[in-house]
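Worksheet: the structure to be examined is printed underneath.
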Amino acid sequence: MESPLVLGTLSFFIAVIWGQPLITLLRHYRIGKQVRMEGPDSHQEKTGTPTMGGLLFVVPVLLITGALNLANLLGFTLIGKSTLLLFFCLAAHATLGAVDDWLGLRGRGKGMSARMKSGFQFVFAAIIVGILYYGPPNLYYVGVPGIPEWVSIGWLFIPVGILIIIGFSNAVNLTDGLDSLAGSISGIAFASYGLIAHLQGQAYLAAFCFTMVGALFAFLWFNAHPAQVFMGDTGSLALGATLALVALMTGQWLLLPVVGFVFVAETVSVLLQVASAKFSRRYLGRDIRLFKMTPIHHHFELLGWSETQVKERFWIVGVLSGMLGVALALWNG
119 MESPLVLGTL SFFIAVIWGQ PLITLLRHYR IGKQVRMEGP DSHQEKTGTP TMGGLLFVVP
179 VLLITGALNL ANLLGFTLIG KSTLLLFFCL AAHATLGAVD DWLGLRGRGK GMSARMKSGF
239 QFVFAAIIVG ILYYGPPNLY YVGVPGIPEW VSIGWLFIPV GILIIIGFSN AVNLTDGLDS
299 LAGSISGIAF ASYGLIAHLQ GQAYLAAFCF TMVGALFAFL WFNAHPAQVF MGDTGSLALG
359 ATLALVALMT GQWLLLPVVG FVFVAETVSV LLQVASAKFS RRYLGRDIRL FKMTPIHHHF
419 ELLGWSETQV KERFWIVGVL SGMLGVALAL WNG
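Read in my numbering, the sequence shown has 346 at position 228, and its numbers run on one by one without any break.
Laid out in structure tokens, this is it:
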């Protein structure tokens, strides 16, 4: 376990050192966040805060992951197996998010069209899942709590895997609405899957997870309230997709809704809100909303919770969810 922890510490220091120059650069080019006008009034003061801060943790993780893969190709056994697929997933989704962030800043806040963004997400997810399914080690199985043997689902792994990657990429994106919320919950989730990977003997995967955790801790250093920088789609799309890929590679992806419960709750709140509004307008002639505002973290803010209360209570739920996920993974074994 020492290698993953050392890599996590290394990524933290690289990201912390790189953080302030990045923020200065983002400020220089006026790459600032445009806050939703319909959001809580307390959020309007965040307008202009630098975004695209996902680069703060994405770049160090890519550097370390790339170096480890190069060492692996040269015959060194630092992590045992290749993590190039994780490298591709992180880089591809971070690039997609960065383009969306940039277009949003230069295109009156509209960003990339939903159809185009979804199209790229589907292509990336299809490539990743195709490699998992057809290449070694032919990942088409899943761990089920209480059952010691892996359960094969055959070709169904392909559509399920694509759905998981796209779904969690968007789920983390929805969660990124309060200072340090998405970063902290993602850190908890990656740490949970890093521990699961370690317990399953997947040292290379544990190394990647804790490299990400260390870099996220550095991001939180600058994203703590009041945030000096936001991760933007650059970070959130990359985090969600990469977390989903880690879950698929462990075979413990059934536990992803448990480990990532906060992300699921945020997404479900949005879906329920939209469904309620459409149904009530069509069949009742009036607009009925289940929540004051979605994603659900804004609902709690409008109920009177402070931003700090929402975050810290969500963190507690995130830690408990991660603990439960690891416990269920152990029950598998």
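Virtual Cβ for every residue (Gly too), placed ideally from N, Cα, C. From a predicted model like this one, the values you see are computed outputs, not experimental measurements.
Within 8 Å, strictly: CB atoms of residue i and residue j
{"i": "Ala345", "j": "Phe130", "result": "no"}
{"i": "Val331", "j": "Ala309", "result": "yes"}
{"i": "Ile182", "j": "Leu125", "result": "yes"}
{"i": "Gly350", "j": "Met230", "result": "no"}
{"i": "Thr329", "j": "Val177", "result": "no"}
{"i": "Leu334", "j": "Gly301", "result": "yes"}
{"i": "Ile246", "j": "Leu363", "result": "yes"}
{"i": "Phe242", "j": "Ala209", "result": "no"}
{"i": "Gly261", "j": "Gln370", "result": "yes"}
{"i": "Met367", "j": "Leu323", "result": "yes"}
Residue i at chain D interface by Cβ criterion, 8 Å
{"i": "Leu361", "result": "Absent here is chain D; the protein component of the structure consists of one chain."}
Of the residues the options, the one placed nearest residue i, counting alpha carbons only
{"i": "Gln138", "options": "Phe175, Ala315, Gly126 and Ser121", "result": "Phe175"}
{"i": "Leu390", "options": "Ile406, Gly378, Arg400 and Pro375", "result": "Ile406"}
{"i": "Ser439", "options": "Gly319, Arg224, Phe379 and Ile282", "result": "Phe379"}
{"i": "Ala445", "options": "Ile149, Arg145 and Ile314", "result": "Ile314"}
{"i": "Leu250", "options": "Phe409, Pro277 and Ala216", "result": "Pro277"}
For residue i, the three-state DSSP class (helix, strand or coil)
{"i": "Ser398", "result": "helix"}
{"i": "Gly171", "result": "coil"}
{"i": "Ser121", "result": "helix"}
{"i": "Gly150", "result": "strand"}
{"i": "Tyr259", "result": "strand"}
{"i": "Ser236", "result": "helix"}
{"i": "Ser310", "result": "helix"}
{"i": "Ser231", "result": "coil"}
{"i": "Ser270", "result": "strand"}
Sequence-distant residues of its chain with Cβ nearer than 7 Å to residue i (five each side left out)
{"i": "Val435", "result": "Phe379 and Val380"}
{"i": "Val382", "result": "Ala289 and Pro375"}
{"i": "Trp136", "result": "Leu174, Val177 and Pro178"}
Other residues of its chain near residue i: CB distance less than 8 Å, five sequence neighbours each side excluded
{"i": "Trp449", "result": "Pro263 and Gly264"}
{"i": "Asn341", "result": "Gly171, Asp297, Ser298, Gly301, Val347, Phe348 and Met349"}
{"i": "Gly253", "result": "none"}
Cβ shell of residue i (< 6 Å), same chain only, five flanking positions each side left out
{"i": "Gly443", "result": "Ser310, Leu373, Val376 and Val377"}
{"i": "Leu257", "result": "Leu250"}
For a minimum of 3 consecutive residues, which ranges assigned as the beta strand (DSSP E) are wholly contained in the segment 317–393? Entirely contained in the segment 317–393, not one beta strand (DSSP E) run reaches 3 residues.
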